[in-house]
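Undergrad:
Protein chains: 2
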Amino acid sequence: MRISELVERTGVPLATLKFYLREGLLPAGEATSATRAEYGEAHVRRIAVIRALTETVGLSVQKAREVLALIDRPEDDLFATLGRAIAALPPDVTPKSTQDHPRARAVLEKLGQVYDPGFVAVAQLEQALAAAESAGIPLDDARLAVYGPHIRAIAEFDVDSIPREATAAVEYAVLGTAVHEPVLIALRRLAHQDVAARRLGKKGPDPRASKRPPARGASSGRSRPKES
Amino acid sequence: MRISELVERTGVPLATLKFYLREGLLPAGEATSATRAEYGEAHVRRIAVIRALTETVGLSVQKAREVLALIDRPEDDLFATLGRAIAALPPDVTPKSTQDHPRARAVLEKLGQVYDPGFVAVAQLEQALAAAESAGIPLDDARLAVYGPHIRAIAEFDVDSIPREATAAVEYAVLGTAVHEPVLIALRRLAHQDVAARRLGKKGPDPRASKRPPARGASSGRSRPKES
DNA sequence: GGGGTTGGATACTCATGGTATCCAATGGTA
DNA sequence: TACCATTGGATACCATGAGTATCCAACCCC
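Chains as they are written, first to last, in my numbering: chain A, 1 to 228; chain B, 229 to 456.
#1: Among A:Val179, A:Ile162, A:Pro182, which one has its Cα closest to the Cα of B:Leu428?
#2: What is the DSSP secondary structure of A:Arg36, counted as helix, strand or coil?
#3: Alpha carbon to alpha carbon, how far is A:Ala173 from B:Ala185? Give it in angstroms, no decimals.
#4: If I follow the unbroken alpha helix (DSSP H) through A:Glu109, where does it start and stop?
#5: Which of the three DSSP states, helix, strand or coil, is assigned to A:Asp206?
#6: How about A:Pro90: is its C-beta nearer than 8 Å to some C-beta of chain B?
#7: Give the list of continuous alpha helix (DSSP H) stretches no shorter than 4 residues that lie fully inside the region 65 to 149 of chain A.
#8: Can you pull the chain B neighbours of A:Val49, defined as C-beta to C-beta under 8 Å?
#9: What does the Cβ neighbour count give for A:Glu5, buried or exposed, with the cut at 16 atoms within 10 Å?
#10: Contact between the region 110 to 123 of chain A and the region 246 to 262 of chain B is defined here as three or more beta-carbon pairs at a separation below 8 Å; is this criterion met?
#11: Compute the distance between the beta-carbons of B:Leu353 and A:Val179, then report whether it is under 8 Å.
#12: Measuring only between beta-carbons, confirm whether A:Ile71 sits less than 8 Å from chain B.
#13: In the DSSP assignment, find the unbroken alpha helix (DSSP H) run with B:Pro410 in it and report its ends.
#14: Residues in the region 171 to 183 of chain A with C-beta within 9 Å of chain B's C-beta atoms, listed in sequence order?
#15: Closer than 8 Å, CB to CB, is B:Ile314 near chain A or not?
#16: At which residues does the alpha helix (DSSP H) containing B:Ser232 begin and terminate?
#17: Cα-Cα, which of B:Asp305, B:Leu245, B:Ala276, B:Arg264 is closest to B:Thr395?
#18: Quick one: what's A:Glu30 bridged to in DSSP?
#19: Output, in chain order, the set of chain A residues within a Cβ distance shorter than 7 Å of B:Asp386.
#20: Check A:Leu17 in the structure and name its three-state DSSP category.
#21: What residues in its chain sit with their C-beta under 7 Å from that of B:Ala243, if we drop five residues either side in the sequence?
#22: Compare the C-beta of B:Ala292 against all C-beta atoms of chain A and say whether one is closer than 8 Å.
#23: Would you mind sorting A:Gly11 into buried or exposed? The rule is 16 or more other CB atoms within 10 Å of its CB.
#24: Classify B:Thr322 as buried or exposed, calling it buried when 16 or more other Cβ atoms lie within 10 Å of its own Cβ.
#25: Taking the alpha carbon of B:Ile382 as the point to measure from, which residue in A:Ile151, A:Arg36, A:Arg2 has its own alpha carbon closest?
#26: Taking contact to mean at least 3 C-beta pairs separated by less than 8 Å, is the region 129 to 149 of chain A in contact with the region 37 to 48 of chain A?
#27: What residues of chain A sit near B:Leu367, judged by a beta carbon separation below 9 Å?
#28: Find the nearest neighbour of A:Glu66 within the set A:Gly148, A:Thr81, A:Ala106, judged by alpha-carbon distance.
#29: Look up B:Val387 in the DSSP assignment and say whether it is helix, strand or coil.
#30: Taking 6 Å as the limit between beta carbons, can you name the residues of its chain near B:Thr405, skipping five residues before and five after?
#31: In or out: B:Lys291 buried (at least 16 other Cβ within 10 Å) or exposed?
#32: Just to confirm my understanding: we take B:Met229, look at its own chain, exclude 5 residues before and 5 after, and list those with CB closer than 6 Å. What are they?
#33: Where does A:Val44 fall in DSSP's three states?
#34: Taking the C-alpha atoms as reference points, what is the distance between B:Pro255 and B:Arg312?
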């Protein structure tokens, strides 16, 4: 298909597609002449991934390019590739990687995970812990004892669901890590609202008591208050 | 203390503090004369929160101001305030709020939570689900069955740990929601790496052996769920 | 064979998030 | 009391990022 059809199919403006082409996010179509190139379904999909990465995951064009490059030319080592992908994900961490990450180390030790300062995610965790601390809400042991196992269970499912085949595995792992984060965050926010509504005696026709009803399939509440 | 001391204490440049003052993120000090104002510990803390919100949580100055305003002048309704805070958190969602959110609705129904299109977080979830889908990794039932309960358990702990006292509750809830998100994300990334190392035979930047037994609740690695 | 796409290059715009200058009033110190 | 560095406040400036818009010349298809 021609580029104008890509515009129609994806809803992305022509100028923006040209920008993605320029920036190397979107591979060029197959040139059929000096002024014509042929694009395929792969381009449509790629554009959707670009938008997902930039708009929803919140990556800069630069970071999105790095992630896409990992998918396009996966290193043989899934583990290292995953590490590189994580380095491209927010929050950006200042490359003082040589330094010690005391909070992260303490947390990882409590979780029984290896502390390796070479992991970018360790620096990200350190930064997040420091931020929580300076906001006056440090991650105490009780909270960690809750967060740790639940997050680990999620991560185990994630890793188990990675396909075996090497190329697919990289793409699945990299995109899955990035793209499910906003889902988890949104689920937590909604759960907060749902739990808060039930616990804190919500106004409205839901005078349910403080005990949590079965989480799955147990609908029956309705009409939760809306914010603004 | 004078502003120069704030600079020392926080490490934030004077020009930047003036910028925060201008933008209304940081309240003015108590003026003692036309060219002198007194700042206190509260200002030091506020600056730390501003940095946490902008650098780690990734809020724009505009959004950070909204969140801080909620903390400074909490509405009487914790629930509504929390909703407003969530609306300031990324990802930014296009305000087509009237519209239907089919994916989010389906997910919430499966979780037994109420679907209320008025929640900003519902639109955020819809966007995240759509992004996952277009990246080729939709949230299938099996994954939801894992994510849902674990996230809910986390959310229940979060809500239970909100202090009773009204003013403190708002600050705690708002900052806690925002500031623990990067922690959870970092924990998941590290858990991915840890689980992957154990499952797939580790070869990271650190050749240290993985001597720990298969961690909690682990089923050994099969793979292949992928149903995209 | 001519008008409407293209590809490719270049230039421009807009919003953010700071920085830097300038100024005039201080006010602590000598 | 003189004086100069420090403030607050206002305004101007700058760098980056993410597109947008324009041009142009080569095409293609009708």
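Here a beta-carbon is modelled for each residue, glycine too, at the ideal position from N, C-alpha and C.
TA: On the basis of the data shown:
#1: A:Ile162
#2: strand
#3: Summary: the structure shown does not reach residue 185 of chain B, with chain B confined to residues 229 through 456, and so no result is reported for it.
#4: 102 to 111
#5: With a pLDDT of only 38 at A:Asp206, under the threshold of 50, the placement of this residue in the model should not be trusted, and no figure is reported.
#6: yes
#7: 78 to 88, 102 to 111, 120 to 134
#8: Ser362, Ala363, Gly364
#9: exposed
#10: no
#11: no
#12: no
#13: 394 to 428
#14: Glu171, Tyr172, Ala173, Leu175, Gly176, Thr177, Ala178, Val179, His180, Glu181, Pro182, Val183
#15: yes
#16: 231 to 238
#17: B:Asp305
#18: A:Glu38
#19: His192
#20: helix
#21: none
#22: no
#23: exposed
#24: exposed
#25: A:Ile151
#26: no
#27: His180, Val183
#28: A:Thr81
#29: helix
#30: none
#31: buried
#32: Tyr267
#33: helix
#34: 21 Å
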